[in-house]
Every structure is written in structure tokens, then in C-alpha cells.
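The block underneath contains the structure these notes are about, expressed in C-alpha cells.
4 protein chains.
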Amino acid sequence: MSYSNQPSPNDVGVAVVGAGYWGPNLIRNFLASDTTWLWSVCDLNMDRARQVLGRHTSVEVTNDLQAILDDPRIQAVAIATPAGTHFGIAKACLEAGKHVLVEKPLALSSIEAERLVNVAAERNLTLMCDHTYCYTPAVRRIRHEATQGTLGRLQYIDSVRINLGIVQPDADVFWDLLPHDLSILDSILPAGIQPTAVSAIGVDPIGAGRSCVGYVSMTLPGEGIAHVHVSWLSPVKIRTTIIGGSHRYIVWDDVNPAQRLSIFERGVDVSTFQTPDDQRQMMVQYRSGDMLAPALVESEALADVVREFADCIRTGRRPLTDGTSGVRILKILEAVDASVAARGQLVPLEQQSIGALR
Amino acid sequence: MSYSNQPSPNDVGVAVVGAGYWGPNLIRNFLASDTTWLWSVCDLNMDRARQVLGRHTSVEVTNDLQAILDDPRIQAVAIATPAGTHFGIAKACLEAGKHVLVEKPLALSSIEAERLVNVAAERNLTLMCDHTYCYTPAVRRIRHEATQGTLGRLQYIDSVRINLGIVQPDADVFWDLLPHDLSILDSILPAGIQPTAVSAIGVDPIGAGRSCVGYVSMTLPGEGIAHVHVSWLSPVKIRTTIIGGSHRYIVWDDVNPAQRLSIFERGVDVSTFQTPDDQRQMMVQYRSGDMLAPALVESEALADVVREFADCIRTGRRPLTDGTSGVRILKILEAVDASVAARGQLVPLEQQSIGALR
Amino acid sequence: MSYSNQPSPNDVGVAVVGAGYWGPNLIRNFLASDTTWLWSVCDLNMDRARQVLGRHTSVEVTNDLQAILDDPRIQAVAIATPAGTHFGIAKACLEAGKHVLVEKPLALSSIEAERLVNVAAERNLTLMCDHTYCYTPAVRRIRHEATQGTLGRLQYIDSVRINLGIVQPDADVFWDLLPHDLSILDSILPAGIQPTAVSAIGVDPIGAGRSCVGYVSMTLPGEGIAHVHVSWLSPVKIRTTIIGGSHRYIVWDDVNPAQRLSIFERGVDVSTFQTPDDQRQMMVQYRSGDMLAPALVESEALADVVREFADCIRTGRRPLTDGTSGVRILKILEAVDASVAARGQLVPLEQQSIGALR
Amino acid sequence: MSYSNQPSPNDVGVAVVGAGYWGPNLIRNFLASDTTWLWSVCDLNMDRARQVLGRHTSVEVTNDLQAILDDPRIQAVAIATPAGTHFGIAKACLEAGKHVLVEKPLALSSIEAERLVNVAAERNLTLMCDHTYCYTPAVRRIRHEATQGTLGRLQYIDSVRINLGIVQPDADVFWDLLPHDLSILDSILPAGIQPTAVSAIGVDPIGAGRSCVGYVSMTLPGEGIAHVHVSWLSPVKIRTTIIGGSHRYIVWDDVNPAQRLSIFERGVDVSTFQTPDDQRQMMVQYRSGDMLAPALVESEALADVVREFADCIRTGRRPLTDGTSGVRILKILEAVDASVAARGQLVPLEQQSIGALR
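Protein chains in written order, with this note's numbering: chain A, 1 to 358; chain B, 1 to 358; chain C, 1 to 358; chain D, 1 to 358.
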């Protein structure tokens with residue numbers, strides 16, 4: 001293939017709005033994509049946008065969102081602005097007929113997120129959440145195992161996502177980190193993540209004015225539980241998720257690139273020789289079987305996000321991480337807020353009919 | 001020193017009651033001790049006791065507890081029987097004038113445990129809990145750092161103790177594993193572990209009839225929190241405790257013998273440049289400083305348990321892990337039971353005056 | 001089974017000679033064995049022997065080897081004395097009609113070792129080397145894979161055995177550590193370890209008067225190579241062996257109990273599309289396939305050494321680690337000495353017909 | 001600072017020659033640099049160059065080296081072509097008055113490399129080797145410790161650099177991987193790396209036609225030794241270097257980003273209580289002291305290579321990795337070739353006066 005400096009007719013014309021923390025990653029991947037053409041980067045701070053693009057670029061820079069909305073070359077917009085502005089910008093883009101990719105969280109409330117879903121549906125536009133982790137080779141493999149049934153019934157999910165992190169000015173540790181775990185679980189569980197109840201404890205040991213350490217328990221339909229520990233205050237970086245099924249267990253250690261996934265052949269065996277008088281004869285046998293660490297091809301997940309976005313725009317199919325996944329996650333975040341305020345009280349969630357769309 | 005096959009007059013005469021799971025470890029360490037003399041092992045199953053002692057031993061075996069109680073050579077008894085029998089055997093031993101070392105838990109309730117404390121106090125006998133972990137080089141070092149004040153104010157303690165484990169017939173995962181973490185914290189915190197409230201979630205995903213996975217949050221006096229995750233259902237063995245202070249953080253990874261302790265020079269820094277109109281200017285700086293991994297001399301903790309027991313018997317001083325520590329731990333376990341039954345509801349604990357004894 | 005304090009008629013009567021560094025481990029395992037009866041421990045320092053046995057034992061202690069040789073109850077002797085005395089004591093024991101188990105190295109020269117092999121053969125006695133590693137679950141599994149042919153042709157073996165170690169008074173680092181790797185390879189390779197040539201470099205950076213760091217290369221029959229790095233001067237403990245075959249690779253990390261063995265499904269693929277004019281078109285493809293970590297049952301290898309010794313005595317079969325394996329290892333150690341003296345020069349070894357005995 | 005799409009007068013005008021394996025990394029860093037201006041990329045395959053630059057670039061592409069040489073805007077050239085062309089292109093660039101940065105190895109022989117050094121010196125041009133590792137935070141810190149004397153006398157350096165790698169068409173494993181270790185040592189040792197003798201063993205177990213596994217021993221002036229193991233055939237990626245000094249040891253584990261450097265407080269202690277009759281009383285004590293893992297700020301080393309190159313061009317100072325370091329490394333590679341051909345024979349090296357230039 002011969003490279004040219006011109007867009008091809010098949011390229012999806014794109015703009016990125018927001019060149020702060022996450023925007024540069026989106027920009028880099030749109031620049032490298034051979035199915036999209038990046039026309040413009042929009043940021044209130046135009047120098048920041050220029051610095052990200054570098055001095056040898058042909059991409060335009062603007063601080064005027066309206067110019068993006070009015071530009072007929074731009075079919076799609078990727079939004080990486082502060083969370084509080086997601087809803088307004090995404091709604092404006094959709095109403096201007098643009099397909100939209102939004103950094104997490106989709107909005108600040110599930111009500112807002114549902115409105116975005118509805119606007120996109122009415123206009124037959126793609127609304128996609130940039131839940132990057134769902135496109136990593138590790139999560140793809142976990143999803144494959146879960147949907148193929150090799151894990152059996154999911155019983156016990158435990159996720160730890162802790163590190164030294166900067167205290168965000170506009171989000172607590174739940175809103176900052178929990179969407180990662182929720183989106184991952186949402187993409188793994190057959191009906192998305194729809195807990196029946198949530199309990200959360202938030203702690204602010206350093207007096208930062210918001211939760212810096214958090215623990216969340218989610219009761220899953222059936223007997224399962226998912227627990228997530230998030231923290232900005234850990235001197236060690238741990239990103240380990242245990243996905244326990246009735247047949248197999250997966251341990252995902254995301255800070256070990258040489259062996260991210262370990263699939264344990266068997267997990268736990270319950271032999272029930274219940275005698276009439278002695279219910280206590282039920283026993284769990286030690287059964288640590290062989291472990292398989294599948295070879296994963298390393299690839300940049302965000303490149304696949306861009307590819308999925310472009311492909312959905314062209315074909316009209318739903319993205320893996322569509323707007324309804326963003327809604328499900330926001331409903332849980334809202335329940336977490338309520339539980340934290342009530343010092344850990346169990347908050348029930350109604351089963352969302354929206355999940356049935358998948 | 002010349003070795004002889006006879007007890008010396010200074011030896012504390014000892015019997016071990018219970019030769020099942022933990023008893024053999026106690027027996028081995030009493031046999032190797034040069035300050036105690038093991039006269040007898042008592043087990044209802046005498047063959048089991050004989051098998052533990054081996055065929056070349058001069059130690060006696062009995063299945064008659066009364067013979068132990070009546071034996072004037074025996075000054076002290078170590079109890080490693082099922083938890084339900086601890087109270088009865090310990091009380092009988094104390095009333096027969098024997099010093100007592102009890103495997104965890106000290107009893108099945110704090111009421112029983114307090115009675116044992118009182119009986120021992122009335123008779124000036126040593127009552128010691130075999131909280132083995134408190135005698136490991138790692139916990140000794142953590143205690144040293146905590147009591148010297150080098151960690152600053154303790155803010156955030158997170159402990160994970162998970163593995164594939166056998167479902168106990170007479171205990172859930174809290175009663176099986178949590179006493180380890182509680183006893184460790186009890187020996188580290190200046191006034192022992194006395195949370196103001198406890199919240200716990202127990203899960204039984206495999207239908208074993210009791211909690212196999214558990215999460216416990218404890219609100220510590222001041223702003224701190226301690227959270228513990230225990231599980232019998234993890235295919236990987238993790239034993240990691242993070243002890244976060246305002247000055248330093250310690251990460252204790254007990255499955256890494258080459259580097260059990262990592263002391264991070266600084267943890268988190270809060271710069272508060274609060275402007276009148278903008279509370280959000282409070283920031284946490286990234287401050288991952290140098291890390292020190294102190295050289296620890298590997299030693300068997302149980303040998304130090306035996307040494308402490310013998311030394312306290314001879315000097316009359318309180319053991320590090322005395323009966324009151326057992327009481328504090330049982331009060332928490334009782335609160336955990338109550339919270340699990342109430343699906344995670346916060347259970348307040350009254351501050352125990354007993355802690356002031358230390 | 002009911003335990004008694006008397007030997008059974010089937011027990012092999014045993015004595016251990018030497019209660020220093022390794023002897024206590026042998027003693028502990030003979031005490032726990034139910035197929036041998038330990039009558040006596042012999043050491044020039046009788047107090048040391050008594051201390052090892054403890055104060056509650058019925059085992060006799062002596063400093064008189066002749067008493068062992070004359071004792072008709074003693075059918076077999078395990079020798080754990082300084083290496084310089086192995087030959088003399090082993091020869092005396094064999095000539096007195098005793099079966100013999102010798103700590104590594106079997107003797108100080110291959111000539112001596114061959115004499116022991118011959119004496120044992122003449123008298124139909126078991127002569128076994130205590131090559132403990134060969135009885136670990138990890139090495140048993142590697143041997144299984146190698147002999148089943150799942151690895152393919154062995155091409156590349158690399159072993160690292162380094163740690164902070166004490167400088168031995170009577171051995172350099174090669175004689176101290178290399179026998180472990182040699183015995184392991186000897187038990188894995190179908191015809192035992194019989195390199196065609198050896199090259200070794202020894203270094204004494206601290207002026208200890210003997211090699212403290214060593215590198216050994218062995219040319220294996222065929223195209224393969226085995227390389228071993230041994231050191232007393234490493235601040236980190238590494239015990240990693242890579243066994244590379246044409247089909248599969250095994251990585252054995254002995255300091256990681258949770259995952260000692262990793263079997264890589266495929267290793268390296270050579271596609272040879274040699275064009276007449278361009279030999280350089282030969283390519284190795286990246287082929288990191290799935291990895292299997294087999295579940296290994298942890299067990300004490302030395303218990304299996306004792307079991308093998310007793311079983312061979314009773315059945316007359318050859319032990320896995322018989323005298324001829326000791327001879328093969330000593331021939332290599334002698335070649336290492338010669339190569340070190342010649343500053344790394346390649347020293348050829350004649351193929352030992354003794355290997356054919358296996 | 002306001003960004004513009006025009007070079008500033010202070011920018012060093014640059015071209016990159018070669019857009020294959022390593023070139024893209026150079027291009028990316030020159031694009032991001034604010035002290036250089038990338039005018040052109042030259043590759044025989046212009047499409048490859050265009051693909052690297054992407055479709056939104058203003059950088060020119062050419063397949064004509066002469067155009068680069070003739071371009072007055074271009075003051076400096078970075079060369080990342082196949083090794084066999086380094087000498088010719090670098091010489092042409094220097095003779096055209098351009099400063100030159102060359103990917104390793106500097107040339108195919110030390111004679112060629114010395115000619116480049118001389119040409120650069122005659123014309124007062126900067127000649128720099130892109131020894132990227134020397135600019136990593138880890139190697140910077142090791143160099144700091146070594147030059148400050150905190151390590152004491154260097155005694156024992158052991159480096160392992162193994163992975164599954166592609167068999168290079170124009171280099172064996174020594175020429176492919178060894179320059180990394182040699183350049184690192186060259187930047188750490190006070191007089192650069194100047195061994196007195198080299199011994200190397202190369203193995204080709206897969207019939208690739210060149211060494212795929214290699215072991216190199218280098219005798220350092222004084223008593224020290226450096227040993228390097230390189231391999232393309234390891235299923236596990238290991239990059240561990242032990243730098244042992246008389247006072248401290250450093251272990252550098254480059255695949256562990258959370259703890260790349262471990263500095264062991266003390267290494268090995270030799271107590272010499274030599275009695276007249278017993279030389280063997282010399283002892284090494286176990287002395288594993290505390291370990292410090294310094295906090296390293298992660299940064300891209302190649303950005304610092306670009307910065308160093310630009311800075312040396314502007315100030316005329318010698319780069320850390322100047323042409324003479326390339327010469328020293330090539331002299332060792334030549335000795336390695338000779339030793340491999342002689343099956344590991346020790347090849348002496350004359351001490352290079354060129355090292356004195358530093």
C-alpha cells in the first residue's frame with residue numbers, strides 16, 4: 001500500500017475534543033489509524049492542543065466547539081474533556097449529527113446518560129463509551145472464556161486496583177477508578193453488570209475532602225458476589241482480578257506483562273456426603289489443578305477502540321461498549337454514592353430493562 | 001553445653017493436649033526447646049499422638065486429661081484441640097494450677113474468654129494465646145516501627161489473606177482466618193485492636209453452608225480504617241498487608257521470603273493551598289520515595305512462642321499475646337457475626353476497658 | 001495402624017554417621033520413616049549428635065565408627081561427614097557388609113568412587129548417592145517430560161544457582177554447588193550426564209583462596225549445550241534452570257513455590273526457505289505459545305531418598321541415584337578443575353562406558 | 001510557551017536515515033523534541049518512511065542520501081540503517097560536515113570505527129553512539145553509585161539478557177545483544193570497559209547458521225570479572241544485571257518496573273584469621289544487610305539521547321556515549337568472534353590508549 005498525505009474517501013472524518021490527560025492518547029491513535037482521518041483537535045487551551053500534536057503536523061487546532069459541529073468533513077467526535085462537560089458536549093455533537101465516542105464516565109448521572117442513549121438511537125448515530133480495558137487482549141480472553149462457558153457459573157469476583165494516585169479535583173476514588181472494573185465486568189457478564197444490591201465504604205484518611213480509599217461489594221443475580229478495592233493511597237501498584245467460576249478460576253494480574261492471565265484448571269470441589277444427623281460432613285477438597293497461561297498478543301487497546309468506533313459508524317452495528325453500558329455503570333456509581341453516604345448500608349438496585357437490549 | 005536425656009531443674013514441665021492439625025507443631029517446638037520439658041501428649045486418639053512423636057521417643061502418651069491435671073511434674077499445658085473445647089479444657093487446667101497456652105481462638109465467646117482471664121488472674125497463672133504470627137520477624141519489625149512512631153499516625157490498613165483452603169466443619173472463614181489478622185493488628189496498635197464499629201460481608205458461593213469468602217471493615221479510633229479480605233476459594237495464595245501511616249507505608253508480602261517487608265520512605269503528601277473560594281485546590285502529590293527492605297533473620301515464630309510462654313511462667317510477666325488480646329479478638333468476631341447476619345450493617349463496639357490493662 | 005516404640009521385623013536397621021550440616025536432615029527423615037529403624041548416630045562430637053536428637057530420644061549416640069560396623073542390627077549406613085572422609089568411611093561400611101547412602105560428593109575423585117562402585121557390586125550391596133534434588137516433585141516431573149519425549153531433542157540447558165553463601169573451608173564453589181546441577185541433569189538425560197567437553201572459569205574476587213564464582217559450559221553429545229552459573233557472592237537467591245528442547249521448553253524456578261515449573265507449549269520455530277544464493281533467509285519465528293504450570297504436590301524430597309534407599313536394599317534393584325551417577329559427576333568435577341586451572345580451556349571427556357549400565 | 005509549526009533559530013536541523021526497526025523510535029523522539037527540527041526521513045523504501053511518519057505530517061521523505069548531504073538546513077544526521085552500511089553513511093555525513101548519531105554497532109570493525117572517530121575529530125563534529133540503555137534512569141543511578149565510590153571496588157558483574165528473539169539475518173546473538181551490556185558497562189566503569197582478556201562460547205542448537213546462545217567472560221583489570229549471557233532462545237524474558245562491589249551490590253532487574261534497582265547495603269565480608277598452619281580459617285560471613293530500592297523517575301531514554309545529541313552539537317562537549325565508546329565495544333566484539341571461533345579460548349586484549357581520552 002502506498003501512503004499519501006490525503007484522506008481516502010472511506011476514512012471516517014474525526015475531531016478530538018479535549019487535549020488534557022486522556023486526549024493525547026486518543027489523538028495518537030487516531031493519527032495512526034488507517035480508517036479515520038483526524039481533521040481537528042479542539043481545546044480551550046489551544047497551545048496545549050498544539051503541543052500534543054507536535055510541530056510537524058497538518059492537523060488543525062481550534063478552541064471553538066461550534067466550528068467542529070459545523071464542519072461537514074467531521075462525521076464523528078471523540079470527547080475527552082472533564083467529566084462534568086461530557087453530557088453537554090456529547091448531546092450537542094449528537095444533535096449536530098455526529099457519531100460520538102466519550103471517555104468514561106459517559107455523564108454525571110444515569111438520567112443524563114439515558115438521554116444521550118435516546119438521542120443517539122433516534123438519529124441512528126453511534127454512541128460509544130471509551131471503556132479502554134474492554135479491548136485489551138486479557139479482557140477479550142476472559143470474555144471469551146466466560147461466554148464459552150468454560151468457567152462455569154461465576155461465583156466470586158474480586159478486583160483490586162490500587163496505586164499512588166493523584167487526588168482528583170472533581171471526582172472521588174470511586175468515580176475515578178471504579179468505572180474501569182465495572183466496565184470490565186459489564187463486558188464479561190452475559191447480561192452486563194446488573195447487581196441486585198451494592199454496599200460501599202469510602203475512607204478519607206488524609207483529609208482530602210473526598211474518598212481516597214474505597215471498598216465496594218455487589219450482589220450479583222444468583223449467588224455470586226463482586227468486590228472491588230480501589231485506592232489512591234497504596235505505595236504499591238496492584239491490579240489483580242480474580243474471576244471465580246464453578247469450573248475454572250482466572251487470575252488476571254495486569255502488572256505482570258509476561259503472564260497476565262492464569263487459568264486454573266479446577267477451582268474448588270464440594271463433596272456432599274450429608275449424613276442425616278450431620279450436615280457438617282460437607283467438605284471442600286483441596287484441588288489446585290494445572291494452570292494454563294495463554295499466550296496473549298500484546299496490542300494497544302486504544303487502537304482497537306478506534307477501530308471499533310470506525311467500524312460501528314460504517315456498519316451501523318452496536319459497539320461492544322455502547323451507551324447502555326455507560327448507563328449501567330452510572331446506575332451503580334449512583335448506588336455507591338448512596339451507600340457511602342449511609343456508611344456502607346446495602347442499597348438495592350432495580351434490574352435494568354435496558355440490559356435486555358444487548 | 002553437654003546434653004543429657006534428663007530434665008534440668010529449671011525446665012518448665014509441659015504437656016500438649018491435642019495432636020491433630022496444630023498440635024504437632026507445638027510438640028515439635030517443645031521437644032526442641034531447652035527451657036521446657038515435654039512430659040506427655042494427650043489426645044483421645046492415642047495412635048495419632050504416638051505417630052506425631054515417632055517411634056524413638058521417651059515422651060508419654062495418654063488419652064486421659066485428668067492424668068495431666070493430676071501430674072505434679074506438669075506445670076503448664078498447651079491446648080490445640082477443636083475450638084469448641086478450648087474453654088472447658090483451659091478452665092480445668094487453670095483450676096488445677098497449670099499455666100495455659102491456647103491455640104486461637106481462645107474460646108467460642110468473649111464471655112468465656114473473660115472468665116479464663118479472670119481465673120488466671122485470681123491464681124496468678126500465665127494465660128497466653130498462641131497468636132503465632134505476632135512472633136514472626138516481620139510482625140516484630142512492623143511493631144517496632146509502629147511503636148517508635150516512624151510510621152506516623154496509622155490511617156489505612158488493608159490485609160488480604162486468601163488461598164485455596166479446606167472448608168472447616170466447625171468454623172466459617174472469619175473464625176478460621178480473621179484471628180490471624182486481628183492478632184497481628186492487636187500487637188501492632190498501641191492500645192490493641194479496638195475498632196469503634198465493624199461491618200462484614202460473608203459469602204457462600206459454593207453452597208458450603210457457611211461463609212467461605214469474607215470482607216471486614218473496621219473503623220479505628222481517629223480517622224483510620226482496617227479492611228481484611230479472607231477467602232478459602234482463591235486459586236492463588238496472597239498474604240499481603242499494607243500498613244499506611246501519615247509518614248511511612250509498610251507493605252508486608254508474606255509469600256515472598258526474600259523481601260517480606262518493604263518500607264516506603266514517604267507515602268502521600270497533601271498540600272493544602274485552600275483558596276477561600278476553591279476548596280478543590282487541595283492536592284495529593286505523587287511521592288513514591290525510596291523503599292527500604294530491612295534484612296530479617298528468618299526464625300521459627302513458634303519457637304519464640306514457646307520461649308515467651310516459658311519466660312512468662314518463670315518471671316510472672318504478661319505475655320505479649322495474653323488473655324486480654326484473645327478477649328479483644330473475640331469481641332470483634334462476635335461483631336463480625338452480627339454484621340454478616342445483618343448483611344453488612346455497621347455494628348458499633350464499645351471501647352473495651354480491658355485494653356487499658358496493657 | 002497402631003504405633004509401637006519397637007522396630008518391626010521388616011524395618012531396615014540404620015545408622016547415620018555425621019551430625020553436622022546435612023546429617024540432622026537425614027536423621028529427621030530416618031526418624032520419621034516407617035520402613036527404617038534408626039539405631040544409632042555416630043559423630044566425633046557426641047554432644048552435637050545428642051543435640052540433634054534432642055532430649056527425649058531413645059536413639060543411641062556414639063563416636064566409635066567401629067561399633068557401628070560391628071553392630072549386626074545395623075544393615076545400612078548413611079554418611080554425612082566432611083567430603084574428604086566419604087571414601088574411607090563408605091569403603092569400611094561396604095566391606096563390613098553394610099548398604100551405604102553417601103552425601104554428595106560420593107568421594108574426592110572418580111577413581112575412589114569407581115572403587116566404591118566395584119566393592120558394592122562385588123558384595124551385592126546398595127550404594128546410593130544422596131542427590132536430594134533428583135527426588136523433588138519438580139525434577140521428577142522434568143524427568144517424566146524428558147523421558148516421554150514431549151520436550152523433543154534437548155538443545156539448550158542453562159542453570160543459575162547463586163546466593164550469598166559461606167565460603168567452604170574444604171571446597172570451592174564448584175564442588176559445593178555444581179553437584180546439584182550435575183545430578184539433576186544426570187537424572188534427566190537418558191544416558192546420564194556425559195558431556196564430550198567441559199570449559200570452566202572460576203573467579204575469586206574477594207581473595208578467599210578458592211573460586212567463589214564459577215561458570216561451566218558442557219558440550220553435550222549432539223548439538224546441545226549445558227551451562228551452569230554458581231556463586232556464593234550473589235545478594236539475591238536465584239535458582240532457575242531452563243531446559244530447552246526442540247518441541248517444548250521448561251523453566252524451573254525453584255524459589256517460586258507457587259509455580260516452580262512452567263512448560264512452554266512451543267519454543268522456537270525455524271523456517272528454512274533457503275534460496276540457492278541466500279543462506280540468510282533462514283528465520284526464527286517468534287512463537288511464544290501457551291504455558292502450562294503443572295500442579296505439583298509438595299513433598300520433602302529427603303523422605304523419598306530414605307524410601308528409595310530402603311526399597312533398593314529390600315529389593316536389590318538399582319537406586320535412581322546409584323554409585324555410577326556419582327562417578328559421572330566426579331569425572332566432570334575433575335574436568336572442571338582442569339579447565340579452571342587452564343583458565344577456561346576446553347577439556348575433552350571420554351565417553352564413559354559406565355553410563356551404559358543404566 | 002506558545003507552540004508554532006515553524007522551527008526556531010536555535011533548533012538543530014536533523015534528518016533520520018533508515019525507517020526500519022529502530023528508525024521509528026528515533027523519528028518519534030526527534031518529532032517530540034523541542035531542541036531539534038526534523039526536516040527529512042531517508043529510506044530506500046519511501047513508503048515505509050511515510051508510514052512511520054503518518055498521514056498528517058509535514059516532514060519530507062526521500063530515498064536519496066545525497067539530498068540529505070546537500071541540504072544546508074540539515075546539521076545533523078541520525079543513522080538507523082543495517083549495520084553493514086553504518087560506516088559508509090556515517091563517513092559520508094561527517095565529510096559533508098554533518099554531526100552524526102549512529103545506532104549500535106558504530107561500524108562492523110574497530111578499524112572503521114576509529115576512522116570515524118578521527119574524521120569527526122578533525123572536523124570538530126559530534127560523533128555519538130545511540131547506546132540507549134546508558135540514558136535510562138536505572139543506568140544513570142548505577143553510574144552515580146559507581147563513580148561516587150559507594151559500591152567499592154567492582155568485583156563481580158553478571159548480566160543475563162535472554163528472550164525469545166528473531167534470528168537476525170546479518171548478525172549473531174553476540175552482535176545483536178552484547179553491545180547493550182558492553183555499552184552499559186562502558187558507561188559505568190571509570191575508564192570504560194577495557195577487559196584484559198575475553199572468552200566466549202557461542203551455540204547454535206537450532207541449526208540457524210549462527211550463534212543463537214552465547215556466554216562471554218571478560219577479565220577486568222584488577223581481580224574483577226564480567227560475565228554476560230545472551231540468548232534468542234529463552235521462553236522467558238530475563239534482563240538482570242548484578243553489579244558486585246566490595247562495599248555494596250546492585251541488582252538491576254529491568255523487567256520489574258516497580259523495583260528496577262535493589263542496592264544491598266553490604267555484600268560479603270571476609271574475616272581473615274589465618275593461623276600459620278591453617279589457611280582454611282578464612283571465612284566469608286553471611287551478611288545480607290538491608291536493601292534500598294531507590295525511587296527512579298520513569299522517562300524515555302531515547303528522549304535523553306536526542307537531548308544529549310543536540311546539546312553536544314551546540315556546546316561542542318563530548319557525548320557520554322561518544323565514538324571512542326563505540327570503538328571499545330567493537331574491539332571486544334572482535335575478540336568475542338575470535339574466541340568463539342577457537343571454541344572458548346581466552347583472547348587477550350591490549351589496553352586501549354583511546355580510553356584515556358575520557
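We treat Cβ as the ideally placed atom computed from N, Cα and C, and that holds for glycine.
Within-8 Å CB hit, residue i to chain B
i              : result
alanine 356(C) : Summary for alanine 356(C): the model assigns pLDDT 38, below 50, so the residue's position carries little reliability; its value from the coordinates is reported in the next sentence. So, not an interface residue.
leucine 179(D) : With the sequence shown as reference, residue 179(D) is identified as proline, and leucine is not the correct amino acid for it. Judged by the 8 Å Cβ criterion, proline 179(D) is not in contact with chain B.
Within-8 Å CB hit, residue i to chain A
i                   : result
valine 284(B)       : Summary for valine 284(B): the model assigns pLDDT 49, below 50, so the residue's position carries little reliability, and this model does not support an answer.
proline 319(C)      : no
phenylalanine 87(B) : no
valine 306(D)       : no
arginine 5(D)       : Here residue 5(D) is asparagine; the residue named in the question, arginine, does not match the sequence. By this cut-off, asparagine 5(D) is an interface position.
Cβ-based burial, residue i [other Cβ within 10 Å; buried from 16]
i                 : result
tyrosine 156(D)   : buried
asparagine 118(A) : exposed
isoleucine 68(A)  : buried
isoleucine 111(C) : exposed
glutamine 194(A)  : buried
aspartate 64(C)   : exposed
proline 257(A)    : exposed
Nearest-angstrom beta carbon gap, residue j and residue i [assumed within contact, 8 Å]
i                : j                 : result
leucine 346(A)   : arginine 343(B)   : 5 Å
glycine 289(B)   : alanine 295(D)    : 5 Å
tryptophan 39(D) : aspartate 70(D)   : No, tryptophan 39(D) and aspartate 70(D) are not in contact; Cβ-Cβ is about 12 Å, not under 8 Å.
valine 198(D)    : isoleucine 332(D) : 6 Å
glutamate 145(B) : isoleucine 242(B) : The Cβ separation is near 13 Å, so there is no contact.
glycine 323(A)   : leucine 31(A)     : About 26 Å; that fails the 8 Å criterion.
Closer than 8 Å to chain C by CB, residue i
i                : result
alanine 32(B)    : yes
serine 211(D)    : no
alanine 293(A)   : yes
aspartate 290(A) : yes
tyrosine 135(D)  : no
Proximal residues to residue i (C-beta, below 8 Å), its chain only, five neighbours per side dropped
i                 : result
isoleucine 166(C) : Trp232
alanine 341(A)    : none
serine 325(B)     : Cys129, His131, Ser183, Asp186, Ser187 and Gly192
Chain-ordered chain G contacts of residue i [CB-CB under 7 Å]
i             : result
leucine 38(A) : Note that chain G does not occur in the displayed structure, where the protein chains are A, B, C and D.
Neighbourhood of residue i by C-beta, 7 Å cutoff - its chain only, sequence neighbours within 5 removed
i             : result
alanine 83(A) : Pro105, Leu108, Asp170 and Ala171
Same chain, Cβ closer than 6 Å to residue i, neighbours up to 5 away in sequence not counted
i                : result
tryptophan 37(A) : Pro7, Asp11 and Gly13
arginine 48(B)   : Ala19
leucine 26(A)    : Val16, Ala78 and Ala80
Beta carbon proximity, residue i to chain D, threshold 8 Å
i                 : result
tryptophan 258(A) : Reading off the sequence, residue 258(A) comes out as alanine, not tryptophan. So yes, alanine 258(A) belongs to the interface.
heavy atom of the ligand ATP below 7 Å from residue i C-beta
i                : result
threonine 315(A) : As for the ligand ATP, it is missing from this structure, which has no ligand bound.
The segment 10 to 23 of chain D contacting the segment 59 to 79 of chain D, beta-carbon criterion three pairs below 8 Å
yes
Counting beta carbon pairs with one atom in the segment 138 to 154 of chain A and one in the segment 199 to 206 of chain A, are three or more of them shorter than 8 Å?
no
Could you check whether the segment 237 to 245 of chain A touches the segment 213 to 220 of chain A, counting it as contact only if at least three pairs of C-beta atoms, one from each stretch, sit closer than 8 Å?
no
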